[in-house]
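Participant:
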Amino acid sequence: MTKNADIQSLLKPEVLNTVEGLALLSRLVIGALPSGLNRSVRNGQGMEFKQYRSYQPGDDLRLLDWKMYARSDRFYVKEAEVETHILVKFVLDASASMRHQDNNGLEKIAFARAIIAALAYLAVSQGDHIGLYAINDREVRQVAPQTGTFHLHRFLYELLQIQPTGQWQSTRSGQRHTMLGEQKHYKEMVICLSDLYEENGEIFDLLKNITARKNEVMVFHLMAQNELDLSYPAGVFSFQDLETQAVVQVNPTAVRATYQANVAAYLAAIQQQALDLEMSYALFKMHEPLQDALTKFLLGRQRIL
Amino acid sequence: MFLYPAYLWALGALLIPLGIHLWNKRQHKPLAVGSVRWMPASENRRLNRLQFSEFWLWLLRSVFLCVGVLLLAELVRVAPPKVMPQTTWLMVDPTWLAHPEKRQQIEQLLAKDSAELHIFSAGFPQIKLKESPPERWTKATAVADYLSYLREMVATQKPLPRKVRVLVQNDWQYFGGLLSSWPFEVEWLPYPDKQDRVFLERVEKRPPDSLLVSVGFASEKGTSYQKYAVALRKGATSLSLPGGLPTLNIDSNRAYLATAPHQKITMQPPAKEWLIYYAPEFAVDQTYLSAALRALATYASLGVSVRSLPINGGESLPPTASVAWVFWLSEAPLPASFAQAPALRRVTYQAQLGQPLWIRSATDPLHFNLTHRLQPQSLPALWEGAYLVGQLMGLLMDEKDIWHRSQTPLHLSQLQQLSGTPTTSGKTAAAEAPIQSYQSLHWWLWGILMCLFVVERWWNFIRKS
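Chains as they are written, first to last, in this note's numbering: chain A, 1 to 305; chain B, 306 to 770.
1. Step through the CB atoms of chain B and report whether any lies within less than 8 Å of the CB of Met286/A.
2. How would you write the range of the alpha helix (DSSP H) that Asn674/B sits in, first residue to last?
3. For Gly324/B, which residues in chain A fall below 9 Å Cβ to Cβ?
4. Leu327/B to Ala212/A, Cα distance in whole Å?
5. What does Ile336/B touch in chain A if you count any residue whose Cβ is under 8 Å from its own?
6. Quick test of your reading: Tyr266/A and Trp343/B, contact by CB under 8 Å. State the CB separation rounded to the nearest angstrom.
7. Use the C-beta contact count for Tyr197/A: other C-beta atoms within 10 angstroms, 16 or more gives buried, fewer gives exposed.
8. What span of residues does the beta strand (DSSP E) with Ala629/B cover, start to end?
9. In angstroms with no decimal places, state the Cα-to-Cα distance between Leu598/B and Thr592/B.
10. For the stretch 213-231 of chain A against the stretch 264-283 of chain A, are there 3 or more C-beta pairs whose distance is under 8 Å?
11. Quick one: which chain B residues come within Cβ less than 8 Å of Thr258/A?
12. Is there a Cβ from chain A that is less than 8 Å from the Cβ of Val372/B?
13. I'd like to know if the stretch 408-423 of chain B and the stretch 461-477 of chain B are in contact, where contact means that at least 3 CB-CB pairs between them fall below 8 Å.
14. For Gly294/B, name the three-state secondary structure that DSSP assigns.
15. Starting from Lys50/A, trace the beta strand (DSSP E) both ways and give me its first and last residue.
16. Given this structure, state the Cα-to-Cα distance separating Val368/B from Gly235/A, to the nearest angstrom.
17. How about Val372/B and Leu687/B: do their beta carbons lie closer than 8 Å?
18. Between which two residues does the alpha helix (DSSP H) containing Leu92/A stretch?
19. Given a cut-off of 8 Å on the beta-carbon distance, is the pair Leu242/A and Gly339/B in contact?
20. Return the chain-ordered list of same chain residues with a C-beta closer than 6 Å to the C-beta of Ser613/B, the five sequence neighbours on each side being excluded.
21. With 8 Å set as the bound, which would you pick, yes or no: does the beta-carbon of Asn136/A sit closer than that to a beta-carbon of chain B?
22. Looking at the secondary structure, which residues open and close the alpha helix (DSSP H) in which Arg113/A lies?
23. Starting from Leu494/B and walking both ways along the beta strand (DSSP E), at which residues does that stretch end?
24. Decide if the stretch 88-102 of chain A is in contact with the stretch 120-140 of chain A; the criterion is three or more beta carbon pairs, one per stretch, under 8 Å apart.
25. Is DSSP giving Leu376/A helix, strand or coil here?
26. Below 8 Å on the Cβ atoms is my guess for Asp195/A versus Ser97/A; work out the distance and round it to an integer in Å.
27. When the Cα atoms are used, what is the spatial distance from Val589/B to Gln680/B?
28. Near Phe155/A, which residues of its chain fall below 7 Å by C-beta distance, leaving aside the five closest residues on each side in sequence?
29. Please state whether DSSP places Ala734/B in a helix, a strand or coil.
30. Measuring alpha carbon to alpha carbon, tell me which of Leu370/B, Trp487/B, Ala403/B ends up nearest Ala753/B.
31. In this structure, how does DSSP classify His151/A when only helix, strand and coil are distinguished?
32. With DSSP run on the structure shown, which of helix, strand or coil describes Pro685/B?
33. I need the DSSP call for Gly174/A, collapsed to helix, strand or coil.
34. With a threshold of 8 Å between beta carbons, is Glu227/A in contact with chain B?
35. Looking at C-alpha atoms only, which residue of Gln462/B, Glu406/B, Gln391/B is the closest neighbour of Phe425/B?
36. Shortest alpha-carbon distance to Asn103/A belongs to which of His287/A, Met68/A, Leu277/A?
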């Protein structure tokens with residue numbers, strides 16, 4: 001609980017906008033995880049011998065070490081360490097809508113950085129490769145997948161340089177994110193962090209391409225609290241769309257019920273769409289603990305392994 | 306009521322707090338959000354931004370402003386003067402108490418309705434008729450003072466009587482109207498009462514055998530004059546006037562109405578003429594000059610007729626016995642015969658801008674130069690108020706009758722009215738502003754204003770903290 005409180009207190013722009021801050025936050029987040037979830041090495045068949053284990057009913061008979069049985073007249077299973085490294089690709093929505101601020105002043109992009117930093121730290125500590133792809137209609141900022149502490153710092157630095165602007169890259173422009181399609185020999189996990197504000201389904205088009213390659217795709221849907229429940233003070237406000245620049249004048253109190261119903265329908269549709277594409281979908285509310293993101297990540301990782 | 310109601314326009318300042326409370330809370334800078342797609346589009350109306358906030362604070366500020374405006378406009382309470390019921394004052398000129406006949410009249414009036422006797426003097430003291438008349442009151446009250454005395458009485462005497470009977474000298478023609486809004490009932494008692502309110506104002510001989518009779522009609526509402534031309538038979542001593550007026554009696558060179566034999570006036574010689582000769586380019590000047598001269602003649606009851614004649618080159622010298630002034634409105638020189646005529650006052654036009662309107666000739670005392678054109682276009686100041694009439698009065702000061710009437714300048718509207726109806730004299734208006742007394746609410750309003758200010762500041766402080 002104390003660690004959770006520490007983490008929440010670190011969700012500030014002055015922390016999230018520095019590499020050291022992100023690294024610190026990542027360590028704290030990882031440290032708050034339940035032990036046993038982040039095992040990177042497991043026993044199994046491999047080249048590197050680890051131990052003999054007594055045969056347990058249910059074990060595959062093919063795993064019995066017959067030579068050992070001959071010597072000791074007992075059933076043993078020979079185990080070896082199995083390397084479980086994977087490739088984790090972070091796809092970050094770098095459109096202008098990621099500048100949305102929650103009531104506590106935290107921008108959506110900063111929250112996304114915190115999640116990515118924590119996951120990247122965890123992944124690197126397990127020997128995984130991490131890569132970054134920040135996408136908007138003006139550029140695709142990428143960090144090629146690597147592993148190691150040095151790479152992690154470069155990764156975090158590049159993460160901080162991302163300035164959300166414009167919109168998500170339109171699929172009609174003909175530009176495909178080919179780098180995402182470079183299949184390595186590693187097992188690959190793609191984590192997409194976005195608010196999923198799309199005009200013509202361009203985000204899901206990309207995700208559809210990725211899932212077609214049988215990758216594990218996780219969609220982290222980032223939503224601010226005021227975005228979910230329109231929790232603004234009494235009065236009439238002008239709201240400006242960060243992407244389209246459209247301005248509407250709304251009395252939040254008067255339209256709150258309608259707005260929440262619209263958002264709920266939108267979220268249900270998104271969830272259904274993700275389900276149809278066999279992606280893992282998780283809604284992240286910016287006022288909730290970061291550990292949920294890690295838990296989901298690790299469960300997804302185990303599914304791959 | 307308000308002493309300066311024009312300041313009530315300042316109530317428009319109420320729009321300021323209204324605007325502040327309507328728009329103060331709105332965000333001038335739009336709130337940036339990820340997407341507005343889920344916000345109902347029907348709310349995209351500008352008026353929806355108007356939302357009243359902090360009604361009570363707004364109300365307090367509005368009341369504060371209102372009180373401030375009331376303070377500016379000098380809100381006063383009309384205090385009805387305290388009138389003592391069933392009290393009647395008989396007011397007389399103190400010098401009358403020395404005359405037995407007048408004392409008898411006063412005694413009769415006092416016995417009539419048991420009135421208190423007060424005199425027109427400082428403090429309006431009540432006296433007893435039986436007392437010997439004080440010798441210090443020797444100066445008679447002027448007729449025009451009656452009204453000012455009554456005003457002073459309203460302002461200084463509390464309580465006031467219910468009714469005031471004023472015994473006044475029967476010189477109605479000088480009253481010019483006595484009606485006014487008094488806080489008590491006023492009854493004017495002219496003395497002597499037998500005198501009629503119809504009087505002779507002027508009788509003028511007109512050759513060869515007629516009289517122009519100006520009769521005045523005086524009442525509390527005002528005094529008006531009517532002129533009648535009647536034939537005068539040779540040797541006649543009485544003439545009938547139309548309209549049921551009293552007979553006009555003639556006694557040698559004096560005339561009087563049969564109802565007022567003591568008011569004999571001297572018959573005046575035939576009226577003289579003021580001639581205006583004008584060139585075509587001075588036609589407009591002539592129109593204005595003629596109107597001003599007619600107005601002056603009528604207002605001053607000079608009996609002078611004004612005649613305008615265009616200059617055609619063959620002007621002959623008018624009979625100087627009947628022509629007093631000649632106005633020569635032309636660039637052409639005055640004919641020599643005019644210039645040499647004895648006792649004929651002449652005005653010719655000679656432009657001298659920056660000089661007084663009239664300049665007397667250094668060589669000929671009967672010759673004057675008109676230095677400016679008389680059109681309003683050339684000299685607008687000439688027609689502001691009754692400036693020209695005043696100037697003409699100054700020019701015509703040689704006329705003996707010019708000052709026997711009031712010199713009150715005429716307004717342009719009066720001037721136009723008079724010049725349009727030269728045979729009827731003006732009426733003096735009897736309208737008087739109602740006399741009221743006011744109780745100032747100045748300090749009350751200041752107190753309320755201060756209290757509201759303190760409360761508003763305190764409220765604002767609480768709200769912000």
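No residue lacks a Cβ here, since even glycine has one placed at the ideal position from N, Cα and C.
Facilitator: Concretely, from the data shown:
1. No, no contact with chain B.
2. Run containing Asn674/B: none in the alpha helix (DSSP H); it sits in the beta strand (DSSP E), 672-675.
3. Residues of chain A with a Cβ closer than 9 Å to the Cβ of Gly324/B do not exist, since the nearest Cβ in that chain sits about 15 Å away.
4. Computed Cα separation, rounded: 56 Å.
5. The sequence as given places Leu at residue 336/B; Ile does not occur at that position. Per Cβ cutoff of 8 Å: Tyr232, Phe237, Ser238, Phe239, Gln240.
6. Right, their Cβ atoms sit about 7 Å apart.
7. The residue is buried, with at least 16 neighbouring Cβ atoms inside 10 Å.
8. Taken as a continuous stretch (DSSP letters only), the beta strand (DSSP E) holding Ala629/B covers 628-634.
9. Between Leu598/B and Thr592/B, the C-alpha separation is close to 10 Å.
10. Touching, per the Cβ criterion.
11. Identification of chain B residues near Thr258/A by a Cβ-Cβ cut-off of 8 Å yields Pro345, ordered along the chain.
12. With its beta carbon at least 8 Å from every one in chain A, Val372/B lies outside the interface.
13. Judged by Cβ distances under 8 Å, the stretch 408-423 of chain B makes contact with the stretch 461-477 of chain B, as three or more pairs qualify.
14. Residue coverage of chain B in this structure runs from 306 to 770, which leaves residue 294/B outside it and unanswerable.
15. Where Lys50/A is concerned, the enclosing beta strand (DSSP E) starts and stops at 48-54.
16. Computed Cα separation, rounded: 25 Å.
17. No, the pair does not count as a contact, with Cβ atoms beyond the cut-off.
18. If you look at Leu92/A, you'll find it isn't in any alpha helix (DSSP H); it sits in the beta strand (DSSP E) that goes 86-93.
19. Contact flag set, yes.
20. Cβ within range, chain order: Ile581, Gln591, Ser595.
21. No, because no Cβ of chain B sits closer than 8 Å to the Cβ of Asn136/A.
22. First-last of the alpha helix (DSSP H) with Arg113/A: 108-125.
23. Per DSSP, Leu494/B belongs to the beta strand (DSSP E) from 490-496.
24. The stretch 88-102 of chain A vs the stretch 120-140 of chain A: in contact.
25. Given that chain A is displayed from residue 1 to residue 305, the structure contains no residue 376/A and the question cannot be resolved.
26. Asp195/A to Ser97/A, Cβ: 5 Å. Contact.
27. Those two C-alpha atoms are separated by around 7 Å.
28. For Phe155/A, the CB contacts under 7 Å within the same chain, skipping 5 residues up- and downstream, are Ala120, Ile130, Leu132, Val143 in chain order.
29. In this prediction, Ala734/B has a pLDDT of 31, which is less than 50 and means its spatial position is unreliable; nothing more can be read from the coordinates.
30. The sequence given here has Ile at residue 753/B, not Ala. Nearest to Ile753/B by C-alpha distance, out of Leu370/B, Trp487/B, Ala403/B, is Leu370/B.
31. The answer is helix: DSSP assigns His151/A an H, G or I state.
32. Judged by DSSP in its simplified three-state form, Pro685/B adopts helix.
33. With a pLDDT of only 47 at Gly174/A, under the threshold of 50, the placement of this residue in the model should not be trusted, and no figure is reported.
34. Yes, contact with chain B.
35. Nearest C-alpha to Phe425/B: Gln462/B.
36. Nearest C-alpha to Asn103/A: His287/A.
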